[in-house]
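Scroll down for the structure; my scribbles are underneath it.
In mature numbering (1 follows the signal peptide of the UniProt record, and there is no 0), the protein residues as written are -17 to -1, 1 to 190.
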């Protein structure tokens, strides 16, 4: 019991307090923090190890921020052919060759896409050369995009004008006149323009 009281006394004392012990008149061992005249002895106490208590329900450390996802970029994307504001005159076919280039070259999983007047003019392709055919007469806006595998646009050139010159139907008829079997078969030889056929007159034998 005395040992337990002694331990409680030590816990209640400040860290740097002095402890004394002596025997009282009845022969009992007494511990105190004050010197007692007579036979009191000072005890040498070693500092006790102490551990800081943990705060209850401490929040877990915040996870480290994820590294940003870098999107591949291109330093250059432009149309080589045709040149801006070019006039293409190719008779009656309305054909056009579009050629693009990029720096760096096309990355894996990416494709080129040609746009004519804001709409796709061909299927996406790894090739930078696109043959277009049967374009309507007049002015158009050309652009080239680079798209990823999901069809998202990564880069796009500015719109540039191109002018297509094609022979009109009248010019085509003058170049190649319509024959009897051409009506309804060639666009410039409309079936409603086909002249009426002359009826066959049977020959009457001369009497």
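Each residue gets a CB set at the ideal place from its N, CA and C atoms; glycine is no exception.
Relative to the C-alpha of residue i, which residue among the options is closest?
i	options	result
residue 129	98, 116 and 164	98
residue 93	83, 101, 109 and 86	109
residue 101	77, 140, 159 and 84	140
Classify residue i as helix, strand or coil using the three-state DSSP reduction.
i	result
residue 152	helix
residue 169	coil
residue 157	helix
residue 163	helix
residue 174	helix
residue 11	coil
Indicate whether at least one CB of chain D lies closer than 8 Å to the CB of residue i.
i	result
residue 90	No chain D appears in this structure, which consists of one protein chain only.
Short of 7 Å in beta carbon distance, which residues of its chain neighbour residue i, apart from the five on each side in sequence? Order them along the chain.
i	result
residue 181	none
residue 86	57, 58 and 59
In whole angstroms, what is the alpha-carbon distance linking residue i and residue j?
i	j	result
residue 138	residue 132	14 Å
residue 215	residue 143	The structure shown does not extend to residue 215, since the chain is modelled only from -17 through 190, so no value can be given for it.
residue -3	residue 45	Because the pLDDT of residue -3 is 47, which lies under 50, any placement of that residue in the model is unreliable, and the number read from its coordinates should be weighed accordingly. Their Cα atoms are separated by approximately 37 Å.
residue 78	residue 56	32 Å
residue 152	residue 107	33 Å
residue 157	residue 135	48 Å
residue 17	residue 9	19 Å
residue 65	residue 147	11 Å
With a CB to CB cut of under 6 Å and the five nearest residues on each side skipped, what residues in its chain are close to residue i?
i	result
residue 166	172, 174 and 177
Quick one: what's residue i bridged to in DSSP?
i	result
residue 56	None; residue 56 has no bridge partner.
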